[in-house]
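*Asks:* Just so you know, the sequences run in chain order E and S.
For the working numbering, count along the first sequence from 1 and bump the result up by 249.
For the working numbering, count along the second sequence from 1 and bump the result up by 249.
Glycine residues also receive a C-beta, built at the ideal position from the N, C-alpha and C atoms.
Number of protein chains: 2
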Amino acid sequence: MAAKRSGTRSTRSQRAGSVPQPRSETPLSLERIAATAVELLDVHGVDGLTMRRLADRLGSGVMSLYWHVDTKEDVFDLALDMVLEYRGQPQAAGTQDWRAEVIHILEDWRAQMLRHPWSASLLPSRALGPNILYRLELLGKTLSGAGVADANLNVAIWSLWNHVMGATITRASFDLSNDDQAAAQQRLHLSERYPTIERSRLPLDNDWDGVFRKGLDFLLDGLAPKP
Amino acid sequence: MAAKRSGTRSTRSQRAGSVPQPRSETPLSLERIAATAVELLDVHGVDGLTMRRLADRLGSGVMSLYWHVDTKEDVFDLALDMVLEYRGQPQAAGTQDWRAEVIHILEDWRAQMLRHPWSASLLPSRALGPNILYRLELLGKTLSGAGVADANLNVAIWSLWNHVMGATITRASFDLSNDDQAAAQQRLHLSERYPTIERSRLPLDNDWDGVFRKGLDFLLDGLAPKP
DNA sequence: ACCTGAACACCGTTCAAGT
DNA sequence: ACCTGAACACCGTTCAAGT
Chain E
250 MAAKRSGTRS TRSQRAGSVP QPRSETPLSL ERIAATAVEL LDVHGVDGLT
300 MRRLADRLGS GVMSLYWHVD TKEDVFDLAL DMVLEYRGQP QAAGTQDWRA
350 EVIHILEDWR AQMLRHPWSA SLLPSRALGP NILYRLELLG KTLSGAGVAD
400 ANLNVAIWSL WNHVMGATIT RASFDLSNDD QAAAQQRLHL SERYPTIERS
450 RLPLDNDWDG VFRKGLDFLL DGLAPKP
Chain S
250 MAAKRSGTRS TRSQRAGSVP QPRSETPLSL ERIAATAVEL LDVHGVDGLT
300 MRRLADRLGS GVMSLYWHVD TKEDVFDLAL DMVLEYRGQP QAAGTQDWRA
350 EVIHILEDWR AQMLRHPWSA SLLPSRALGP NILYRLELLG KTLSGAGVAD
400 ANLNVAIWSL WNHVMGATIT RASFDLSNDD QAAAQQRLHL SERYPTIERS
450 RLPLDNDWDG VFRKGLDFLL DGLAPKP
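Rendered as structure tokens:
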């Protein structure tokens, strides 16, 4: 009956059981596509993003998306870049405490990815978009300003990248399956191959934030320019 | 004509353009399924592994797989665990040089994953199988034997895990798209937002093995028990 | 310039059967 | 105990059209 009152055609293809989105007035745009993709990814995860669902939610036909986008891969790139936008203050040049600055840059990056748990595991496999490049630029500028020699700069950046990515991908993935952790501890107990990590209760005790900060401190100790 | 000579039925479903595998004599088993899945993953990547292709290659019907396996996820778990098997020497207990031992454990782990570039990115999102648990046990035992206190053991293990995973996932993923790296450097050049990393040529110069070793040294410096 | 539906060649998995 | 084909409810994308 609602269909009778509205002007939208109700014959438009729609997935079984899903509430059909009314044909939207606003035209499609990369901006809208990206924002809606992020919504879908946040709710349904990587496998839950399909072109059909995305179009449905945008109130358009599936194939309309393909005028704006070459392939589904592009949608992932757009969503990922949107999520990585840096919204920090313009940052006074050459702050006194470079170490605190680096930690802030990396924790902001990490927190942003953990808000969208699909994003971290997507990042290494895709072309580097403008927003992640800008974060790396900030990082490089800070390290360089702190006195890290040009010859060591890329090594320093990639070391920190590895640390952030390893910690964040792991955290975002494990977080989704807390039940498995208890099962894993149980499996350790039933075997005799794993005495050490059973005793330390490795699968259960995982203070990801603490590990992130401690490892970061070690790396910064090592990377700091020796006067 | 070959079909005429053999006893296999040629009517069995087969994907267009693919050479049909003769119905195999050997029965299915988790062992065979896992080994064949690894082959497919090595050649076609994560997206290239489909139940239909896998069955084809095993010379069986698709649904036969489902007697051995509940879901496609299980196939990934089996393949991943197979690839992570540790084939090291039994290792003399309490070697003198714990640091060299840790480095060996981690480099062997990393090398094994890089031989199967799909494996690293799969590992964090799946339940920990027996073979990766055994590698973590070795690592934990070595660290513990070196004098790392029980209270610090899990932190040490996860720190090193993060380092290995970050470095390996990134390397395995970037490796597949060398062209994109040149394009990324070009994009830096065309913008004015990225002066520092353009100067350091970040997307091009990536000595992954060197970064891995240097970061590892910093972590081990920090984690080493203070006498 | 922007949007569309029909159709194609795939997917993973349920089900009811076969041996 | 082990294997099977048909069928279902999906996919991403090509194509030829519509405005």
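Given that a residue counts as buried once 16 or more other Cβ atoms are within 10 Å of its Cβ, and exposed if not, what is E334(S)?
*Replies:* The count along the second sequence starts at 1 and reaches residue 334(S) at position 85. Flag for E334(S) reads exposed.
*Asks:* For a contact meaning CB atoms closer than 7 Å, what does E356(S) contact in chain E?
*Replies:* For the purposes of this step, residue 356(S) is taken as residue 107 along the second sequence, with counting starting at 1. Here the premise fails: no neighbours, minimum Cβ distance about 15 Å.
*Asks:* Grab the span of the alpha helix (DSSP H) containing P379(S) for me, first residue to last.
*Replies:* For the purposes of this step, residue 379(S) is taken as the residue at position 130 of the second sequence. Per DSSP, P379(S) belongs to the alpha helix (DSSP H) from P379 to G394.
*Asks:* Taking the straight line between their C-alpha atoms, what separation do you get for Q435(E) and R359(E)?
*Replies:* For this step, residue 435(E) is matched to residue 186 along the first sequence. For this step, residue 359(E) is matched to residue 110 along the first sequence. So the two alpha carbons sit approximately 31 Å from each other.
*Asks:* Taking only the alpha-carbon atoms, compute the straight-line gap between D399(E) and K463(S) and give it to the nearest angstrom.
*Replies:* Translated into the one-based positions of the first sequence, residue 399(E) becomes position 150. Translated into the one-based positions of the second sequence, residue 463(S) becomes position 214. Computed Cα separation, rounded: 16 Å.
*Asks:* State yes or no: is the C-beta of L472(E) within less than 8 Å of the C-beta of V397(E)?
*Replies:* The sequence position of residue 472(E) within the first sequence is 223, counting from 1. The sequence position of residue 397(E) within the first sequence is 148, counting from 1. Yes, the pair counts as a contact, with Cβ atoms nearer than the cut-off.
*Asks:* Whole angstroms is fine: what's the gap from E288(S)'s alpha carbon to T417(S)'s?
*Replies:* Taking the second sequence and counting its residues from 1, one reaches residue 288(S) at position 39. Taking the second sequence and counting its residues from 1, one reaches residue 417(S) at position 168. Between E288(S) and T417(S), the C-alpha separation is close to 20 Å.
*Asks:* Is there at least one Cβ from chain S nearer than 8 Å to S313(E)'s Cβ?
*Replies:* Here residue 313(E) refers to the residue found at position 64 when the first sequence is read from its first residue. No, because no Cβ of chain S sits closer than 8 Å to the Cβ of S313(E).
*Asks:* Compute the Euclidean distance between the alpha carbons of P474(S) and W347(E), then round it to the nearest angstrom.
*Replies:* As a working mapping, residue 474(S) is identified with position 225 in the second sequence. As a working mapping, residue 347(E) is identified with position 98 in the first sequence. The alpha-carbon atoms of P474(S) and W347(E) are separated by roughly 28 Å.
*Asks:* On the criterion of 16 or more Cβ atoms from any shown chain inside 10 Å, does V292(S) qualify as buried, or is it exposed?
*Replies:* For the purposes of this step, residue 292(S) is taken as the residue at position 43 of the second sequence. The residue is exposed, with fewer than 16 neighbouring Cβ atoms inside 10 Å.
*Asks:* Can you give me the Cβ contacts of I381(S) inside the same chain, cut-off strictly under 6 Å, excluding the 5 residues immediately before and after it?
*Replies:* Your numbering for residue 381(S) matches position 132 in the second sequence. Cβ neighbours of I381(S) beyond the five flanking positions: L333.
*Asks:* So is E322(S) buried or exposed if we call it buried at 16+ other beta carbons inside 10 Å?
*Replies:* Looking up residue 322(S) in the second sequence gives position 73. By the 10 Å Cβ count, E322(S) comes out exposed.
*Asks:* Can you list the residues of chain S that H293(E) reaches, using a CB-CB cut of under 9 Å?
*Replies:* Here residue 293(E) corresponds to residue number 44 of the first sequence, with the count starting at 1. Chain S residues near H293(E): none, gap ~15 Å exceeds 9 Å.
*Asks:* Among S370(S), L388(S), L298(S) and S309(S), which one has its Cα closest to the Cα of G278(S)?
*Replies:* The residue given as residue 278(S) occupies position 29 in the second sequence. The sequence given here has Ser at residue 278(S), not Gly. When only C-alpha atoms are compared, the closest one is S309(S).
*Asks:* CA-CA distance, A421(S) and D454(S)?
*Replies:* The residue labelled residue 421(S) in the question sits at position 172 within the second sequence. The residue labelled residue 454(S) in the question sits at position 205 within the second sequence. C-alpha separation (whole angstroms): 16 Å.
*Asks:* Suppose contacts are defined by Cβ-Cβ distances below 8 Å. Is L468(E) in contact with S393(E) by that definition?
*Replies:* Counting from 1 along the first sequence, the entry for residue 468(E) is found at position 219. Counting from 1 along the first sequence, the entry for residue 393(E) is found at position 144. Going by C-beta atoms, L468(E) is not nearer than 8 Å to S393(E).
*Asks:* Kindly indicate which residue of N401(E), D296(E) and L388(E) has the alpha-carbon position closest to the one of E350(E).
*Replies:* Sequence index remark: in the first sequence, residue 350(E) carries index 101 (1-based). Of N401(E), D296(E) and L388(E), the residue nearest in Cα terms is L388(E).
*Asks:* Could you please tell me which residues of the stretch 453-467 of chain S, in chain order, have their CB closer than 8 Å to any CB of chain E?
*Replies:* Within the stretch 453-467 of chain S, the qualifying residues are D454, N455, D456, W457, G459, V460, F461, K463, G464, D466 and F467.
*Asks:* Taking CB distances under 8 Å as the criterion, tell me whether Y383(E) reaches chain S.
*Replies:* Against the first sequence, residue 383(E) aligns to sequence position 134. Chain S contact via Cβ: present.
*Asks:* For Y315(S), which three-state DSSP category applies?
*Replies:* Taking the second sequence and counting its residues from 1, one reaches residue 315(S) at position 66. Of the three classes helix, strand and coil, the one that applies to Y315(S) here is helix, per DSSP.
*Asks:* Can you find a C-beta in chain S that's less than 8 Å from the C-beta of F423(E)?
*Replies:* Here residue 423(E) refers to the residue found at position 174 of the first sequence. Closer than 8 Å to some Cβ of chain S, the Cβ of F423(E) qualifies, so yes.
*Asks:* Can you give the Cα-Cα distance for Y443(E) and Y383(S), rounded to whole angstroms?
*Replies:* Numbered from its first residue, the first sequence carries residue 443(E) at position 194. Numbered from its first residue, the second sequence carries residue 383(S) at position 134. Straight-line Cα distance between these residues: approximately 7 Å.
*Asks:* Excluding the 5 residues preceding and the 5 following V460(S) in the sequence, name in chain order all residues of the same chain whose CB lies nearer than 6 Å to its CB.
*Replies:* Against the second sequence, residue 460(S) aligns to sequence position 211. None.
*Asks:* Let me see if you follow: with CB-CB separation under 8 Å, is L402(S) close to chain E or not?
*Replies:* Locating residue 402(S) in the second sequence gives position 153, where the first residue counts as 1. Yes, L402(S) counts as interfacial toward chain E.
*Asks:* T299(S) CB to nearest chain E CB: under 8 Å?
*Replies:* Residue 299(S) sits at position 50 when you count from the first residue of the second sequence. Chain E, which has no Cβ nearer than 8 Å to the Cβ of T299(S), makes this no.
*Asks:* Just curious, the alpha helix (DSSP H) that G337(E) is in, first and last residue?
*Replies:* As a first step, residue 337(E) is located in the first sequence; it is residue number 88 there, counting from the start. Looking at the DSSP string, G337(E) is not in any alpha helix (DSSP H), and its letter there is neither H nor E.
*Asks:* Give me the chain S residues within the contact set of K321(E), using Cβ-Cβ distance strictly less than 7 Å, ordered along the chain.
*Replies:* Here residue 321(E) corresponds to residue number 72 of the first sequence, with the count starting at 1. What K321(E) touches in chain S: nothing, since even the nearest Cβ is about 11 Å away.
*Asks:* Kindly indicate if chain E contains any beta-carbon less than 8 Å away from that of H438(S).
*Replies:* For the purposes of this step, residue 438(S) is taken as residue 189 along the second sequence, with counting starting at 1. Taking Cβ atoms only, chain E never reaches closer than 8 Å to H438(S), which makes this a no.
*Asks:* Do R375(E) and D326(E) have their CB atoms nearer than 8 Å?
*Replies:* The count along the first sequence starts at 1 and reaches residue 375(E) at position 126. The count along the first sequence starts at 1 and reaches residue 326(E) at position 77. Closer than 8 Å, so yes.
*Asks:* Who are the Cβ neighbours of L355(E) in its own chain at under 7 Å, not counting the five residues just before and after it?
*Replies:* Start at 1 with the first residue of the first sequence, and residue 355(E) comes out as number 106. Within the same chain, L355(E) has close Cβ partners L409, V413 and L465.
*Asks:* Need the endpoints of the alpha helix (DSSP H) that V460(S) sits in, please.
*Replies:* If you number the second sequence from 1, residue 460(S) lands on position 211. V460(S) -> alpha helix (DSSP H) spans W457 to L472.
*Asks:* By a C-beta neighbour count over all protein chains shown, 10 Å radius and 16 as the cutoff for buried, is A405(S) buried or exposed?
*Replies:* Within the second sequence, residue 405(S) is the residue found at index 156, counting from 1. Classification of A405(S): buried, given that the 10 Å Cβ count is 16 or more.
*Asks:* Thinking just about the alpha-carbon of each residue, which of D319(S), I282(S) and F423(S) is nearest to the one in M331(S)?
*Replies:* Position 82 of the second sequence, counted from the first residue, corresponds to residue 331(S). That would be I282(S), whose Cα lies nearest to the Cα of M331(S).
*Asks:* Can you tell me whether DSSP reads L372(S) as helix, strand or coil?
*Replies:* Stepping through the second sequence from its first residue, residue 372(S) is reached at position 123. Here L372(S) sits in helix by DSSP.
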